[in-house]
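The structure appears below as structure tokens.
Numbering (this note's numbering), first residue to last: 251 to 878.
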């Protein structure tokens, strides 16, 4: 592999794995009526392209937008029930035309074509989050030539405009315990479900089968209605009654609001869901008569089951020692939605904490997750000192690929094995030591902060070992390559232009891309004509409001940003963080080798870095040295 300027006649960037998306000439199409994107979305072969990059390169087939679908909204809860509309494509004769939308090649929902000819789909109930491929049939299921991507979102990240709210959610989950009785209420936005009358249903979640076996399965089930054919007023109040014995085995679930024209329990219709929650309000008279004794029995049963399961604690990462470290180590830890200082530190399960983080990646074998909570003075909150301490999770709250089966179902596996048991032992009964013994906080004795590198100015490089050097190369370069993990980071350096249109002699980084193994390729680049950044996933430009990726993460919650463009609108400053102990040989401009080879050569030759001919004269042996 050689480094240099792509497209040059010299050493040239001869990458077998080009991660960065090329600069385009603007939208356009191939002048061909013979080639089509029907059943070819994503394809690069042929005289015209059906790949997302074709719009920028001007190589799209004429019918690209008819078959490779853009949708609005592009995301919704993994619980399903969201109506979305296909953009750009319309049926010329929409009368009596139905649509069948197929997700992941197996889950079909019934869509429709409205009076204007626009195609609608309804998202299904899924047991996973992330990008989900779908296809559309307009010939009653005989063919599915049109394709797109739906983003299924963790329920906790869904806007309150798109779901129903349990009024005083704590009362719902303590109902039947001391001093908690009376009416319960829920509200919703009427415009989110356009119908005159609605039905409100209870759905329950369970996981059955032997844990960690192939028989271990996850299932949402329709249980019973709370109300039928009531006006769609945006609110509902009722007095809970204990559910019949046949429904008592469900302890966690959610309410669903649907159009009354649908039959009870009908799957995958337009709907609004509440948050999943502990179903205290529907539990039996035994619970209401003596909730402490009932909960203590459940806590002991959980304790016995937990002691039979394999330990997952040994494969979890160590917590950062301080709040500052936890917020800085965003490649390995990210904000816990349930305790976020940016959202007012409402830490229901960890009173005394101001902020918690979770490990970004689930543990490799058991799909478990680490949690680390911190007090206002920045110290870690430990279970050894307080029942509010941070607790690891047998089921990672955000799930774990390939999802769909326990304990990897986002949100729900965590509820069953880590949250509901907390209610049994700590909130409904005074047996919290039992819980904390099996969910002890991880201290930070083995925590090692990541190393940081950067490239700033025109550009000045700082390597992971702290070495500084200047390198004004123009083109695409390897910033980091790690052999053992197959981690690859590339960047594009380009000269900027002054306000008067004059090209600068120095260069700056305008794009960076990263991939590890066969993970998604994430690219961050300067958006053309703006001072902002643009994010691409597998070469497709995305909205980054609620994006997840497979195998690598790029978290950027407001008000933070992925890079800084202030003061230099033609370049940005990346700050990659690298976990210590990566192991094996590494190479690239952000490594020790790059820091010593490039400055030594540039001082001897002092080329005119803005001159491409000088760049092409860089000895190939030196470029190759960087990748040994």
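All C-beta atoms, glycine included, are put in the ideal place defined by N, C-alpha and C.
- Annotation: the continuous beta strand (DSSP E) that includes residue 360 extends over 357-363.
- In this structure the region 628-638 does not lie against the region 431-442, because fewer than three pairs of beta carbons, one per stretch, are closer than 8 Å.
- Residues 612, 617, 645, 646, 649, 650, 651 and 652 of the same chain have their beta carbon placed closer than 8 Å to that of residue 658, with the five preceding and five following residues left out of the count.
- Of the other Cβ atoms in all chains shown, fewer than 16 fall within 10 Å of the Cβ of residue 411; this residue is therefore exposed.
- For residue 753, the enclosing beta strand (DSSP E) has its first and last residue at 753-766.
- Take the alpha-carbon of residue 506 and the one of residue 489: they are about 18 Å apart.
- The DSSP assignment places 396-403 as complete runs of the beta strand (DSSP E) inside the region 393-419, in order along the chain (cut-off: 3 residues).
- DSSP, reduced to helix, strand and coil, places residue 564 within a helical segment of the structure shown.
- Out of 667, 766 and 305, the CA that lies nearest to the CA of residue 619 is found in 667.
- Distance from the Cα of residue 602 is smallest, within the candidate group 624, 590, 445 and 357, for 624.
- For residue 299, the secondary structure class from DSSP, reduced to helix, strand or coil, is strand.
- For residue 520, the secondary structure class from DSSP, reduced to helix, strand or coil, is coil.
- Taken through DSSP and simplified to helix, strand or coil, residue 727 comes out as strand.
- Counting of Cβ neighbours within 10 angstroms places residue 610 among the buried residues, the total reaching 16 or more.
- Under the three-state reduction of DSSP, residue 683 is assigned to helix.
- Taking a cut-off of 8 Å for Cβ pairs, the region 534-553 and the region 480-498 touch, as three or more such pairs fall below it.
- With 16 or more neighbouring CB atoms inside 10 Å of its own CB, residue 363 falls in the buried class.
- Under DSSP, the beta-bridge partners assigned to residue 434 are 488.
- Only residues of its own chain outside the window of five on either side were considered, and among them 714 and 828 have a CB closer than 6 Å to the CB of residue 701, listed in chain order.
- DSSP, reduced to helix, strand and coil, places residue 495 within a helical segment of the structure shown.
- Counting along the chain, the unbroken alpha helix (DSSP H) around residue 536 starts and ends at 535-539.
- Note that the C-beta distance between residue 467 and residue 454 is not below 9 Å.
- Using a C-beta cut-off of 8 Å, the region 299-311 makes no contact with the region 372-390, since fewer than three inter-stretch Cβ pairs fall below that distance.
- In this structure, the straight-line span from the alpha carbon of residue 665 to that of residue 402 is close to 19 Å.
- DSSP, reduced to helix, strand and coil, places residue 625 outside both helices and strands of the structure shown, so it counts as coil.
- If you compare the alpha carbons of 502, 522, 772 and 396 with that of residue 471, the shortest gap goes to 502.
- Following the DSSP letters along the chain, one finds residue 467 inside the beta strand (DSSP E) bounded by residues 467-481.
- In its chain, beyond the 5 residues on either side, 336, 349 and 363 have a beta carbon closer than 6 Å to the beta carbon of residue 369.
- In the assembly as shown, residue 513 is an exposed residue. Its beta-carbon has fewer than 16 other beta-carbons within 10 Å.
- With fewer than 16 other Cβ atoms inside 10 Å of its own Cβ, residue 499 counts as exposed.
- C-alpha of residue 427 to C-alpha of residue 540: approximately 8 Å in a straight line.
- DSSP, read as helix, strand or coil, puts residue 532 in helix.
- Between residue 317 and residue 288, the gap from beta carbon to beta carbon is short of 9 Å.
- Only buried fits residue 758, as 16 or more other CB atoms lie within 10 angstroms of its CB.
- When the alpha-carbon of residue 755 is set against those of 744, 764 and 579, the nearest one is in 744.
- In the assembly as shown, residue 630 is a buried residue. Its beta-carbon has 16 or more other beta-carbons within 10 Å.
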